[in-house]
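K.L.:
Under the working numbering, the first residue of the sequence shown carries the number 1, and numbering increases by one thereafter. Ideal placement from N, C-alpha and C gives every residue a C-beta, glycine not left out.
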Amino acid sequence: MPVRACLKYAEGADEVDALRREATLYGRELAALAGVAVPRTYGLYVGGTEAVPIACLVMELCVGAEVRRSADELGRLAILALCKVHAVGVMHNTPLDLRHFVMKGKKVFLVDFALAVVHRCENAHPVLWDKNFSPVVAAPHDLAECTELVEAERNIFSQVGENLPMKISPSFVRLQ
Ligand SMILES: [Zn+2]
1 MPVRACLKYA EGADEVDALR REATLYGREL AALAGVAVPR TYGLYVGGTE
51 AVPIACLVME LCVGAEVRRS ADELGRLAIL ALCKVHAVGV MHNTPLDLRH
101 FVMKGKKVFL VDFALAVVHR CENAHPVLWD KNFSPVVAAP HDLAECTELV
151 EAERNIFSQV GENLPMKISP SFVRLQ
């Protein structure tokens, strides 16, 4: 039965190389998160001519705005998806905000890993900033902050409103 999919297209050697790297990340470091924190991928197809190579990454189609009805929930799920990506050793390596996330049903996925790098995260959980961007955990000195996570939390909180930090339960720190 035909399935609707999303195609990410690259043209030219540099773009094709970047898409190859991205496809490799999806198939290796991010594989365990497919359908959880990143979209599923169905293969990279390379063709074109010697002068103009092209490539196409076939991905799960993610459309929907179900989560968008609740800005807080969208922000919360986006931060958790990013933390899961860091936990498997990938840094997105882009100034992150909600534009880098897509929704499918009630799920929120991080996308666009063209600039991503392998990363050993010292944190990989929400830092739980309050509305003043202060850590609200009991012992903030125990946290080794990850710059990308902290910046992303700030950006996303400022997009969805100041109530979000208080709604991230400490239980999510363990990414259950
Ligand atoms: Zn990290």
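Could you have a look at C121 and say whether DSSP puts it in helix, strand or coil?
P.N.:
Stepping through the sequence shown from its first residue, residue 121 is reached at position 121. It is coil, neither helix nor strand.
K.L.:
Enumerate, from N- to C-terminal direction, the unbroken beta strand (DSSP E) stretches of 3 or more residues contained entirely within the segment 30-64.
P.N.:
41-48 and 53-60
K.L.:
CB G89 to CB E29, shorter than 8 Å?
P.N.:
Stepping through the sequence shown from its first residue, residue 89 is reached at position 89. Stepping through the sequence shown from its first residue, residue 29 is reached at position 29. It is a contact, given that the beta carbons lie within the stated cut-off.
K.L.:
So what does DSSP say about C6, is it helix, strand or coil?
P.N.:
Numbered from its first residue, the sequence shown carries residue 6 at position 6. Look at C6 here: in three-state DSSP terms it is strand.
K.L.:
Cα separation between V58 and F101?
P.N.:
Within the sequence shown, residue 58 is the residue found at index 58, counting from 1. Within the sequence shown, residue 101 is the residue found at index 101, counting from 1. So the two alpha carbons sit approximately 17 Å from each other.
K.L.:
Is A124 a contact residue of ligand 1, with contact defined as CB to any heavy atom under 7 Å?
P.N.:
Here residue 124 is taken as the residue at index 124 of the sequence shown, counted from 1. For ligand 1, at least one heavy atom lies less than 7 Å from the Cβ of A124.
K.L.:
Here's the rule: buried if 16 or more other CB atoms are within 10 angstroms of the residue's CB, otherwise exposed. What is K84?
P.N.:
Walking along the sequence shown from the start, residue 84 turns up at place 84. So K84 counts as buried.
K.L.:
My output table needs one value for E22: the three-state DSSP class, helix, strand or coil.
P.N.:
Residue 22 sits at position 22 when you count from the first residue of the sequence shown. In the structure shown, E22 sits in a helix (DSSP, three-state: H, G or I).
K.L.:
Specify, as a first and last residue, the run of the alpha helix (DSSP H) that D149 falls within.
P.N.:
On the sequence shown, position 149 is the one that residue 149 refers to. Here residue 149 is Leu; the residue named in the question, Asp, does not match the sequence. From DSSP, the alpha helix (DSSP H) with L149 extends over T147 to V160.
K.L.:
With hydrogens ignored, establish whether the beta-carbon of E151 is closer than 7 Å to any heavy atom of ligand 1.
P.N.:
The residue labelled residue 151 in the question sits at position 151 within the sequence shown. E151: no, Cβ never under 7 Å from ligand 1.
K.L.:
Can you tell me which of V108, H125 and P95 puts its alpha carbon nearest to the alpha carbon of L115?
P.N.:
Position 115 of the sequence shown holds residue 115. For the residues V108, H125 and P95, the minimum Cα distance to L115 belongs to P95.
K.L.:
Taking C-alpha atoms, which residue in H119, S158, L61 and R20 lies nearest to V3?
P.N.:
In the sequence shown, counting from the first residue as 1, residue 3 sits at position 3. Comparing Cα-Cα distances from V3 to each of H119, S158, L61 and R20, the minimum goes to L61.
K.L.:
Where does the unbroken alpha helix (DSSP H) through L80 begin, and where does it stop?
P.N.:
For the purposes of this step, residue 80 is taken as the residue at position 80 of the sequence shown. Note, L80: alpha helix (DSSP H), A71 to A87.
K.L.:
Tell me the rounded alpha-carbon separation between E22 and A32.
P.N.:
By one-based count along the sequence shown, residue 22 stands at place 22. By one-based count along the sequence shown, residue 32 stands at place 32. Computed Cα separation, rounded: 15 Å.
K.L.:
With H, G and I counted as helix, E and B as strand and the rest as coil, what does DSSP make of E66?
P.N.:
Here residue 66 is taken as the residue at index 66 of the sequence shown, counted from 1. Reduced to three states, the DSSP call for E66 is coil.
K.L.:
Assess, as a yes-or-no matter, whether the segment 41-59 is touched by the segment 69-79 under the definition of 3 or more beta carbon pairs within less than 8 Å.
P.N.:
no
K.L.:
Should H125 and M91 be called a contact, given that it needs their Cβ atoms to be closer than 8 Å?
P.N.:
For the purposes of this step, residue 125 is taken as residue 125 along the sequence shown, with counting starting at 1. For the purposes of this step, residue 91 is taken as residue 91 along the sequence shown, with counting starting at 1. Cβ distance not < 8 Å, so H125 and M91 don't count as in contact.
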